[in-house]
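S.K.:
Number of protein chains: 2
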Amino acid sequence: MKVISVNFLSISGKESRAHSATFAPMQLHGHNFIGYRTSAQADLGAATRLAKSAFPLYSALHPEQKAAFLEAIAEEIMLLGDALIERCVNESGLPTARITCERGRTCGQLKLFAHHLREGSWVEARIDTALPERSPVPRPDIRRMLIPIGPVAVFGASNFPLAFSTAGGDTASALAAGCPVIVKAHPSHTGTHEMIATAVIKAALRTRMPEGVFSALYLPNEEAIALVQDPAIQAVAFTGSRRVGLTLLKAARERAQPIPVFAEMSAVNPLVILEGALRDQADTIARGLASSVTLGVGQFCTNPGLVLLVDSPSVSPFLHAFATQLSAVASGTMLNQGIHQSYREGIKALLASNGVTEIARGISAASRQATVAHAAAGGDEPSQGQPFAFTVGGEQFLSDKQLSEEVFGPSTLVVRCASESQLLQVLQSLEGQLTATVHATDADGLLLGPVASILVQKAGRVIYGGYPTGVEVSDAMQHGGPFPSTSDPRTTSVGTAAILRFVRPVAYQDFPPALLPDELKNENPFGIMRLVNGALTREKI
Amino acid sequence: MKVISVNFLSISGKESRAHSATFAPMQLHGHNFIGYRTSAQADLGAATRLAKSAFPLYSALHPEQKAAFLEAIAEEIMLLGDALIERCVNESGLPTARITCERGRTCGQLKLFAHHLREGSWVEARIDTALPERSPVPRPDIRRMLIPIGPVAVFGASNFPLAFSTAGGDTASALAAGCPVIVKAHPSHTGTHEMIATAVIKAALRTRMPEGVFSALYLPNEEAIALVQDPAIQAVAFTGSRRVGLTLLKAARERAQPIPVFAEMSAVNPLVILEGALRDQADTIARGLASSVTLGVGQFCTNPGLVLLVDSPSVSPFLHAFATQLSAVASGTMLNQGIHQSYREGIKALLASNGVTEIARGISAASRQATVAHAAAGGDEPSQGQPFAFTVGGEQFLSDKQLSEEVFGPSTLVVRCASESQLLQVLQSLEGQLTATVHATDADGLLLGPVASILVQKAGRVIYGGYPTGVEVSDAMQHGGPFPSTSDPRTTSVGTAAILRFVRPVAYQDFPPALLPDELKNENPFGIMRLVNGALTREKI
Chain A
1 MKVISVNFLS ISGKESRAHS ATFAPMQLHG HNFIGYRTSA QADLGAATRL
51 AKSAFPLYSA LHPEQKAAFL EAIAEEIMLL GDALIERCVN ESGLPTARIT
101 CERGRTCGQL KLFAHHLREG SWVEARIDTA LPERSPVPRP DIRRMLIPIG
151 PVAVFGASNF PLAFSTAGGD TASALAAGCP VIVKAHPSHT GTHEMIATAV
201 IKAALRTRMP EGVFSALYLP NEEAIALVQD PAIQAVAFTG SRRVGLTLLK
251 AARERAQPIP VFAEMSAVNP LVILEGALRD QADTIARGLA SSVTLGVGQF
301 CTNPGLVLLV DSPSVSPFLH AFATQLSAVA SGTMLNQGIH QSYREGIKAL
351 LASNGVTEIA RGISAASRQA TVAHAAAGGD EPSQGQPFAF TVGGEQFLSD
401 KQLSEEVFGP STLVVRCASE SQLLQVLQSL EGQLTATVHA TDADGLLLGP
451 VASILVQKAG RVIYGGYPTG VEVSDAMQHG GPFPSTSDPR TTSVGTAAIL
501 RFVRPVAYQD FPPALLPDEL KNENPFGIMR LVNGALTREK I
Chain B
542 MKVISVNFLS ISGKESRAHS ATFAPMQLHG HNFIGYRTSA QADLGAATRL
592 AKSAFPLYSA LHPEQKAAFL EAIAEEIMLL GDALIERCVN ESGLPTARIT
642 CERGRTCGQL KLFAHHLREG SWVEARIDTA LPERSPVPRP DIRRMLIPIG
692 PVAVFGASNF PLAFSTAGGD TASALAAGCP VIVKAHPSHT GTHEMIATAV
742 IKAALRTRMP EGVFSALYLP NEEAIALVQD PAIQAVAFTG SRRVGLTLLK
792 AARERAQPIP VFAEMSAVNP LVILEGALRD QADTIARGLA SSVTLGVGQF
842 CTNPGLVLLV DSPSVSPFLH AFATQLSAVA SGTMLNQGIH QSYREGIKAL
892 LASNGVTEIA RGISAASRQA TVAHAAAGGD EPSQGQPFAF TVGGEQFLSD
942 KQLSEEVFGP STLVVRCASE SQLLQVLQSL EGQLTATVHA TDADGLLLGP
992 VASILVQKAG RVIYGGYPTG VEVSDAMQHG GPFPSTSDPR TTSVGTAAIL
1042 RFVRPVAYQD FPPALLPDEL KNENPFGIMR LVNGALTREK I
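In order, the protein sequences belong to chains A and B. Each step along the first sequence adds one to the number in our numbering, with nothing skipped, and position 481 is 481. Each step along the second sequence adds one to the number in our numbering, with nothing skipped, and position 296 is 837.
If you want it as structure tokens, here you go:
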């Protein structure tokens, strides 16, 4: 076991920053980060022990200290410079512009949570002061707020090597909540992971966080289960396949003390185009939809994998325009060979399905193989995902359950419903979704209401006239919907409300002021919004 | 199947009120309430179909209409008059004063939720308005709020025949959230149930609620599982034993679409008395504790079943005072024979446990059998729960897992720890709790901090210098703690925050104002508090 940078602890913030810049981030070792040590072994027991001992110390820090830590992580990530972008592009096969943008998002969400902590009202403080004269019994003084739940296990996602991996949204929101984090690195982008983990550790050292606030391990699958089942772990965050998500859920429930797993799993993100929009905006929607289906080689959780229409004379011109657009999109390198293999199998199954017709395929890999960055960089066989579009009739769709399942990649299935009532029936038949979209015009007034009602029941985010890809990181975002899109539709994994996954409320009854958290003290030292005797106020008591 | 009162639907509020008073509530039939019909059969399919069809109608009602419904339920319960109190006393064996008080609590929480709906800010509206000029991509308009989750199954509790049964806290909070409710009646108090269900149905009719907003069934255990597994049901609320709670959880997870079960199960509610308090307040605490242990024949989820002390010369005088107080408390009728049987077995096991010493028992049933209300009223054998108090050493307690399990009834186990560090060790060894209490004085300063920290980690509500029985229904109350005290420590079953169990967030992106819920419209017609572009405000946009 090698000890890195422990002397950073005795260095002032400024000096350590200078030091940071000379730290060699590109010497990758493939080691595990166990608190402030590194090791060739993924010593799960040591990591969870450290997380457990860090928890009371870290959670008790002033919000400003936690905010500074989050900001320091963002700074250290930026200090990794182009080397991070290059490594991440090589490992993911995603283009430089996308990875640069994703880095911005990753740092942006760390800073957003820092801002959220400084504002402070997110703890939902509620205070009912004592009523000693009340009859028949006096009312005690009761003060309630959200407190962190304990150490959190975060599983890196394949499709967001930065924004949903080592220091991504799950890590940022768990740290913001006051919970130490243990990251299980995704095997598709280990170098990116190591660089980011180094940045987090450096940020933790220079902001003097307790050791164990962050660890990061390479774990084979069976040990990932052991991580979920370690008694120190109090919640799990995961983005990935339904199969793995359900496995983690099962493991978490078999514990002596079951814990929540926030798994974001699968969705086809239905997009409904009503007659008016189909007639008036065919070209615009054809272009927008083709772009949304193929963005990032279709590897977004919010990829629109299902398009729903009611048959009419407007359908053919639209499908023609859409097919033309999609055919012009080139294949792209997928995240890893497993994902590529699943995509190929999904397409093969669609091609073989009764009543399913291919209407377009994008430019094949063969015709552009020479220029593939991934092949040039790695030497692996290129895993090129070719765009596809299919159609099927509404009745056929309703009779074949498999057609409503996610095919992760740049393909979509257009369901041509025979009638408006069949459209509603198809919508009702769908499982829970992350998103659901409707395109309409004023002419669609009568059908729009019922369609929107069903979409709201089916999804966590409903979109009018747009596309589901592109998930804003903000206060109002909801990225989480009914099962199986996520394991808990009451939560979001994107936006500031993601912090609410890692907390629980505690009520303090008749507690001496000295023992109360600052958020619940009469003086309201942070000036947060509180519900005091039924009225929302920032005033002190 | 008999149709009752459907013509109430065509009667104005005032007339139906008059009608209500002449409706004969005391003719009990033992029938099921399936929407607005009654039936000898517990037709689960019909009830869930009605709930499902009522959901979109009921959830779309104006908050004022839902509030009026809740208030009407409270009014109809009061109109049942003394007949309800008498029936409930007979069925539960609980004293008239307690049941009268519980009726007040039941009606009070219905009215509290009505008030909560009228205020409206509980939907946690968050609005990020569009930034069309933002680069590189414009920000869409995103608006998020909590919406009801769907029909809820409520399991009546044995120990609160009014406040946690047919129209108790779970029903009130689910209806307030906008969810239809199907109640599974508790077999211990079927007449009370029928009277209350009649009151709810009358309130629903006179406030013109859609049929299916409320149904109530007598279900044997296997059909209770079918209720949990019915696809229409979207959440389950339960208060009862750990065994049954875990059975319902398992059933809910085996569904094609798993749903949350909010189960409040078991707790021993540790109460720590530190040296200063033991020395200075021995008599006061002895009296308060004996009263809390035996209140309601010890049949509260928050009953203090575990008392923790550090051995010192102050312990013996305290234990003597406590034993004296407890010995003076008479046995009382328990809720049903099953609970009584379990209590007897629990006491027997404690008496037979290594190192456990009985220090007091209350006045036995035999010496007061002649006056037992329950026996007089029913003819069943009286199920008299006799108060007990035991002591055990800290080391013995740590070595015998069973000693930390709940014995539901008027008994408590005093753990005499050999040292302060053993006290902390015992506290750390405990499972999750609904409540945890500490008594201390200024002299206990040094130990109080670590003790309070552990209590906060172990429980949903922490109490200083008081007793855990007596759960205030208010905004700040938290009644729900880490497993196994509840199945989801992020929720409460008491207080206004209980409504948050039955909702999920939905984000509306670029939605036309006409399709937005009122809570998210620019005009903010209800004047609720919203987070608009990062700032909490009641202003319109």
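A virtual CB, placed ideally from N, CA and C, is assigned to each residue, including glycine. Everything numeric in this text was worked out from a predicted model, so none of it was measured.
Can you pull the chain A neighbours of MET1070/B, defined as C-beta to C-beta under 9 angstroms?
M.R.: In chain order: MET529 and LEU536.
S.K.: Short of 9 angstroms Cβ to Cβ, which residues in the stretch 474 to 491 of chain A face chain B?
M.R.: Within the stretch 474 to 491 of chain A, the residues whose Cβ lies closer than 9 angstroms to some Cβ of chain B are SER474, ASP475, ALA476, MET477, GLN478, HIS479, GLY480, GLY481, PRO482, PHE483, PRO484, SER487, ASP488, PRO489, ARG490 and THR491, listed in chain order.
S.K.: Would you please verify whether the beta carbon of PHE526/A is less than 8 angstroms from any beta carbon of chain B?
M.R.: By this cut-off, PHE526/A is not an interface position.
S.K.: Kindly give me the distance between the Cβ atoms of THR1010/B and SER833/B, rounded to whole angstroms, as I take these residues to be in contact under 8 angstroms.
M.R.: Right, the Cβ-Cβ distance comes to about 5 angstroms (below 8 angstroms), so this counts as a contact.
S.K.: I want to see whether chain B comes within less than 8 angstroms of ILE34/A, judged by CB atoms only; does it?
M.R.: Judged by the 8 angstroms Cβ criterion, ILE34/A is not in contact with chain B.
S.K.: Could you check which residue in ASN221/A, ILE182/A and ALA323/A has the C-alpha nearest to that of GLU211/A?
M.R.: Cα-wise, what sits closest to GLU211/A is ILE182/A.
S.K.: Looking at chain B, is there any beta carbon in it that lies within less than 8 angstroms of the beta carbon of ASP128/A?
M.R.: Judged by the 8 angstroms Cβ criterion, ASP128/A is in contact with chain B.
S.K.: Please check if any C-beta of chain A sits within less than 8 angstroms of the C-beta of GLY1051/B.
M.R.: Inspection of the sequence shows that residue 1051/B is occupied by Asp rather than by Gly. Interface residue, yes.
S.K.: To the nearest whole angstrom, what separates the beta carbons of ILE499/A and ALA290/A, a pair I think is in contact under 8 angstroms?
M.R.: Not confirmed; about 36 angstroms, so no contact.
S.K.: Could you check whether GLY829/B and ALA507/A sit closer than 8 angstroms to each other, using their CB atoms as the reference points?
M.R.: No.
S.K.: Leaving out the 5 sequence neighbours to the left and right, which residues in its chain are closer than 8 angstroms to THR207/A when beta-carbon positions are compared?
M.R.: Hits under 8 angstroms: GLY13, GLN65, ALA68, PHE69 and ALA72.
S.K.: Between which residues of its own chain and GLN822/B is the CB-CB distance below 8 angstroms, once the five residues before and five after are set aside?
M.R.: Result list for GLN822/B: HIS980 and THR982, in chain order.
S.K.: Of all the options THR739/B, LEU891/B, ARG646/B and CYS842/B, which has the alpha carbon lying nearest to the alpha carbon of SER699/B?
M.R.: Among THR739/B, LEU891/B, ARG646/B and CYS842/B, the Cα nearest to that of SER699/B is on CYS842/B.
S.K.: Of all Cβ atoms in chain A, is any one closer than 8 angstroms to the Cβ of GLU1013/B?
M.R.: It does; some Cβ of chain A falls within 8 angstroms.
S.K.: At the level of alpha carbons, what is the spacing between PHE238/A and GLY156/A?
M.R.: When rounded, the distance between both Cα atoms is 7 angstroms.
S.K.: Could you work out which residues of chain A lie near ILE688/B, taking near to mean beta carbons separated by less than 8 angstroms?
M.R.: Here the neighbours are VAL456.
S.K.: Which runs of the alpha helix (DSSP H) at least 4 residues long sit entirely within the stretch 216 to 253 of chain A? Give them in chain order.
M.R.: As far as the stretch 216 to 253 of chain A is concerned, its whole alpha helix (DSSP H) runs of at least 4 residues are 221 to 229 and 242 to 253.
S.K.: My guess is that SER429/A and LEU398/A are in contact by the Cβ rule of under 8 angstroms, so how many angstroms apart are they, rounded?
M.R.: The pair is a contact, with the Cβ atoms about 6 angstroms apart (cut-off 8 angstroms).
S.K.: Among residues of its own chain, excluding the 5 on either side of ASP682/B, which ones have a beta-carbon nearer than 6 angstroms to its beta-carbon?
M.R.: If we look at ASP682/B and ignore the five residues flanking it on each side, its Cβ neighbours are THR670, ALA671 and ASP1051.
S.K.: List the endpoints of the continuous alpha helix (DSSP H) containing ASN631/B.
M.R.: Looking at the DSSP string, the run of the alpha helix (DSSP H) that includes ASN631/B is 622 to 633.
S.K.: Can you check the stretch 839 to 891 of chain B for any beta strand (DSSP E) of at least 3 residues that lies completely inside it and give the ranges in chain order?
M.R.: Whole beta strand (DSSP E) segments, 3+ residues: 847 to 851.
S.K.: Pull up the distance between the alpha-carbon of ARG680/B and that of ASP400/A, whole angstroms please.
M.R.: Using only the alpha carbons, I get a separation of about 38 angstroms.
S.K.: What does SER121/A reach in chain B if we use C-beta pairs closer than 9 angstroms?
M.R.: Under the 9 angstroms cutoff, chain B gives LEU1072 and LEU1077.
S.K.: Counting contacts by CB-CB distance shorter than 8 angstroms, is LEU1056/B in contact with chain A?
M.R.: Chain A contact via Cβ: present.
S.K.: Any beta carbon of chain B sitting closer than 8 angstroms to that of PRO258/A?
M.R.: Chain B, which has a Cβ nearer than 8 angstroms to the Cβ of PRO258/A, makes this yes.
S.K.: Shorter than 8 angstroms from the beta carbon of ALA864/B to some beta carbon of chain A?
M.R.: No - not a single Cβ of chain A is within 8 angstroms of the one on ALA864/B.
S.K.: For GLU922/B, which residues in the same chain have their Cβ closer than 6 angstroms to its Cβ, ignoring the five residues on either side in sequence?
M.R.: Residue placement at GLU922/B is poorly supported in this model, since its pLDDT is 49, which falls under 50; the coordinates still yield a value, given next. None.
S.K.: Per DSSP, HIS980/B forms a beta bridge with which residues?
M.R.: Looking at the DSSP assignment, HIS980/B forms a beta bridge with ILE814/B.
S.K.: For HIS479/A, count neighbouring C-beta atoms within 10 Å of its own C-beta (all shown protein chains included) and say buried if the count is 16 or more, exposed if not.
M.R.: By the 10 Å Cβ count, HIS479/A comes out buried.
S.K.: If you measure between the beta carbons of ILE196/A and ILE77/A, is that distance less than 8 angstroms?
M.R.: In this structure, ILE77/A lies closer than 8 angstroms to ILE196/A by Cβ.
S.K.: Which residue marks the beginning of the beta strand (DSSP E) containing LYS725/B, and which one marks its end?
M.R.: Start and end: 722 to 725.
S.K.: In the DSSP assignment, the beta strand (DSSP E) including THR1078/B goes from what residue to what residue?
M.R.: Counting along the chain, the beta strand (DSSP E) containing THR1078/B begins and ends at 1076 to 1078.
S.K.: For GLU358/A versus SER266/A, is the C-beta distance shorter than 8 angstroms?
M.R.: Not in contact: GLU358/A and SER266/A (Cβ atoms no closer than 8 angstroms).
S.K.: Give the secondary structure of ALA97/A by DSSP, where H, G and I count as helix, E and B as strand, and everything else as coil.
M.R.: It is helical.
S.K.: Between which two residues does the beta strand (DSSP E) holding ASP669/B run?
M.R.: Note, ASP669/B: beta strand (DSSP E), 667 to 669.
S.K.: Are ALA583/B and LEU789/B touching if we call contact CB-CB under 8 angstroms?
M.R.: No.
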